[in-house]
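Under my numbering, the letters of the sequence shown match residues -18 to 597, in that order. Just so it is clear, CB atoms sit at the ideal spot from N, CA and C, and this is done for glycine as well. Please read all numbers here as calculations on a predicted model, not as lab measurements. Down below is the structure, laid out as structure tokens.
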Amino acid sequence: PLCTSPRVLSSRAPSAAMLDSTVNVLVAVPALLGLLWSAKEWLAVSRVKIDGHPDLLAKQDSQAVQSAQGMVSEMTKIAKTIQEGAMSFLFAEYSYMAVYIVLFSVVLILFTGTATTVAFVVGAVTSILCGWIGMKIAVFTNVRTTHQCWRDLKSGFEVAIQGGCVMGLSLVSIGVIALFALVLAFKKFFAFENPEAMYEAIAGYGLGGSSIALFGRVGGGIYTKAADVGADLSGKNDYGLDEDDYRNPACIADNVGDNVGDIAGMGADLFGSFAESTCAALVLAASSPDLEKSWSALMYPVLISSCGIVVGWLTLLVRSLIYPVKDMPHVEKALKGILVISTVLMSPVVVALSKYCLPEHFTLGGQDVKWWYCAVSIMLGLWSGLVIGYVTEYYTSHSYSPVREISETQKQSAATGIIYGLALGYLSCIVPVICLGVTILIAHSLCGMFGVALGALGMLGTMTMALTIDAYGPISDNAGGIAEMAGLPETVRGLTDCLDAAGNTTAAIGKGFAIGSAALVSLALFGAFTVRAEVKSVDILNPWVFTGLLFGAMMPYAFAAWTMKSVGTAANDMLKECLSQFPKIMNEGAEPDYERCIRISTQASLREMLAPGALV
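As structure tokens, this is what we get:
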């Protein structure tokens, strides 16, 4: 058995104690400081008082003051409805997840033992906690972003970034602390045959995180698109209403969906990739007889993410100096600058960690590896992530030719625009796949599967900033919706639209990171499995292997088909509800029933996510 009695089998040599304590500090302190920084930013956001525009309140005109107070009251009311809708979805989704965690834990404890089950539960609960924190700060920040945009663009941008920063830093910090605590607890309370067996059990942490990511991404995605499509079809097409017209009963559900999909969903997705890539690297490192003797070498994958938190703070400070936001064109530059700065700052950190944490050279899988091989593998992933992000941005930003070409083709026919857009979508895959291929080829040649896992960690090395930008998007989008529904001046909506447009573009960069890292993580996990199972080679001419490849290639299409079908079903439910309410709203002046639309989207998304989840 992998796990025996709860005692420590061996202790480390006294000469390594100082090094071990240094490693522990380098892992724990940045993560703890990351949580403190998140708390600081949360407090900064909470200090924003929603009291209206000072110029309006300073006027002697009582009607202007009363109008400003009415808009403030409406803003807070709308924000509260969005917050309640988001929390009700999370509560319902996490109830489903709790049942899954319990049932799957029973399966794990029967087939793998207590240790793996504990790691699985810790990973799942950590992912849930991170999703909850991200959602809380997003729905807390959106109305404050609206209020600050009422004053000026810079204030609105800074509040939105501060809210996103809370999610980015807290998610990575909590993930690192939970994983590190799990490693220390397993060393203290369980006895394993060898370090490799211990880290194989800890891989359950990645399984827990990725399981929650599956349901969070699918359930959140169905909710988001169902609410979005339902709101657009019923409001825009049938009644000519604006996107966030307060008379549209689905407009609140649409704003809730932005948070559900891009905060809870994307956060869980990247957390799952982080947990899986780190666990895969730990398992592969423990398989080396040279690395298993060194605590710093074993903790090397965790240190990459931990030091990435420090890079995140520095990035935010440097950004404010290099890319201050004073006018609309500065917003997109500042967001893209965050990714560039974090990548540049992370590069020397990677080299330093590799030099001081790893032996000069070591054996891994029968291959002689030098410390700088590992640094190169991480750097390949780090810079490939930036390239993939920028290619994604090139094909999705209105600033470049692809989007403008699509808009030109739409002048003649919508059909030609769809065809042209699909063609550009296929073209956009070429450079990212080349980047992934080069990263995998060089990293594997240098370090084997350990290099591939390090490449995935490198791509996620700037995850704090990728998540910050990702959370910034729905915060800004919600801010625009609140501004329109509350009847704020058009200038305010113009500023929130500017923030939102830049956020949509840079959010596409975040999706590039998520997809690229997921590809590397999947290969790294396969590599960890082959090392643990002692599989030396895979023969694709074997009919069983070839058949498995065909079945595996079919799975994404089946999964995509089921999720798209689910979105269509859920959107149809939303559309029916909106169309049933509109006659009373438009003709009789009745109030829209926002809560009912939120319930419909919640129930439909959770019901429809079961089939795709079961397929995986």
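So residue i packs on residue j, CB below 8 Å; how close in whole Å?
i	j	result
SER287	ALA12	6 Å
VAL157	VAL8	7 Å
ASN175	ALA460	Not a contact, Cβ separation roughly 53 Å.
ILE203	MET590	6 Å
ILE423	LEU361	6 Å
LEU326	VAL292	5 Å
GLN348	GLY454	With a Cβ gap of about 42 Å, GLN348 and GLY454 do not count as contacting.
ALA256	PRO282	That pair is no contact at about 11 Å.
PRO573	GLN562	6 Å
LEU476	MET52	That pair is no contact at about 15 Å.
GLY137	LEU480	6 Å
HIS128	MET56	7 Å
MET116	ILE244	5 Å
ALA592	TRP543	5 Å
Could you tell me the boundaries of the beta strand (DSSP E) in which residue i lies?
i	result
ASP349	348 to 351
Mind checking whether residue i and residue j have CB atoms under 9 Å apart?
i	j	result
SER582	VAL120	no
VAL331	GLY242	no
ALA178	ALA100	no
LEU506	ALA356	no
LEU152	THR445	yes
LEU345	SER258	no
SER254	SER19	no
PRO184	THR296	The sequence as given places Ala at residue 184; Pro does not occur at that position. Result no, Cβ atoms of ALA184 and THR296 do not sit closer than 9 Å.
GLU74	PHE167	no
MET567	ARG228	yes
GLU569	PRO230	no
GLU576	THR3	no
ILE496	LEU435	no
ALA482	GLU273	no
ALA539	LEU587	no
CYS111	GLY248	yes
GLY66	ILE456	no
ILE290	LEU14	yes
TYR354	GLY442	no
PRO324	LEU298	The question names Pro, but residue 324 is Thr in the sequence shown. No, the pair does not count as a contact, with Cβ atoms beyond the cut-off.
ASP271	PHE343	yes
LEU504	ILE421	yes
GLY493	PRO413	yes
GLU22	CYS146	yes
MET555	SER215	yes
Just reading off the alpha helix (DSSP H) that residue i is part of, what are its end residues?
i	result
THR93	No alpha helix (DSSP H) holds THR93; DSSP gives it neither H nor E.
THR259	247 to 267
THR344	Element bounds for THR344: not the alpha helix (DSSP H) but the beta strand (DSSP E), 342 to 345.
ALA651	This structure cannot settle anything about residue 651, because the visible part of the chain is limited to -18 through 597.
ASN196	Note that residue 196 is Phe in the sequence shown here, rather than Asn. Note, PHE196: alpha helix (DSSP H), 185 to 212.
GLN584	575 to 589
SER394	Here SER394 belongs to no alpha helix (DSSP H), and DSSP marks it neither H nor E.
ALA234	232 to 240
CYS410	Here CYS410 belongs to no alpha helix (DSSP H), and DSSP marks it neither H nor E.
ASN485	471 to 513
GLU174	It is not in any alpha helix (DSSP H) - GLU174 carries neither H nor E in the DSSP assignment.
GLU273	Premise fails: GLU273 is in no alpha helix (DSSP H) and is neither H nor E.
ASN553	524 to 569
LEU438	430 to 440
SER518	Where SER518 is concerned, there is no enclosing alpha helix (DSSP H), given that its DSSP letter is neither H nor E.
GLU572	GLU572 -> no alpha helix (DSSP H), and no H or E assigned at all.
SER136	134 to 170
Can you find a heavy atom of the ligand HEM that lies under 8 Å from the Cβ of residue i?
i	result
GLY104	As for the ligand HEM, it is missing from this structure, which has no ligand bound.
*Does the stretch 142 to 156 come within contact of the stretch 450 to 469, defined as at least 3 CB pairs closer than 8 Å?*
yes
*Evaluate the contact criterion for the stretch 396 to 405 versus the stretch 317 to 325: three or more CB pairs, one atom per stretch, below 8 Å.*
no
*Below 8 Å, can you find three or more Cβ-Cβ pairs linking the stretch 486 to 493 to the stretch 368 to 383?*
yes
*Can you find at least 3 beta carbon pairs, one from the stretch 398 to 416 and one from the stretch 513 to 529, that sit closer than 8 Å?*
no
*With a cut-off of 8 Å, do at least 3 Cβ pairs link the stretch 299 to 307 to the stretch 454 to 471?*
no
*In the stretch 48 to 90, which residue ranges form an unbroken alpha helix (DSSP H) of at least 4 residues, counting only runs that do not cross its ends?*
The alpha helix (DSSP H) runs lying completely inside the stretch 48 to 90 and spanning 4 residues or more number zero.
_I want to know whether the stretch 100 to 108 touches the stretch 184 to 194 - three or more CB-CB distances under 8 Å._
Flag = yes, the stretch 100 to 108 and the stretch 184 to 194 touch.
*Is it true that the stretch 406 to 420 meets the stretch 338 to 355, where meeting means three or more beta-carbon pairs spaced less than 8 Å apart?*
The count of Cβ pairs closer than 8 Å, one atom from the stretch 406 to 420 and one from the stretch 338 to 355, stays below three, leaving the stretches out of contact.
*Counting pairs of Cβ atoms below 8 Å between the stretch 204 to 211 and the stretch 222 to 236, do you hit three or more?*
yes
*In chain order, which continuous runs of the beta strand (DSSP E) of length 3 or greater are located wholly inside the stretch 285 to 365?*
342 to 345 and 348 to 351
_Length-filtered (4 minimum) alpha helix (DSSP H) runs lying within the stretch 97 to 131_ = none
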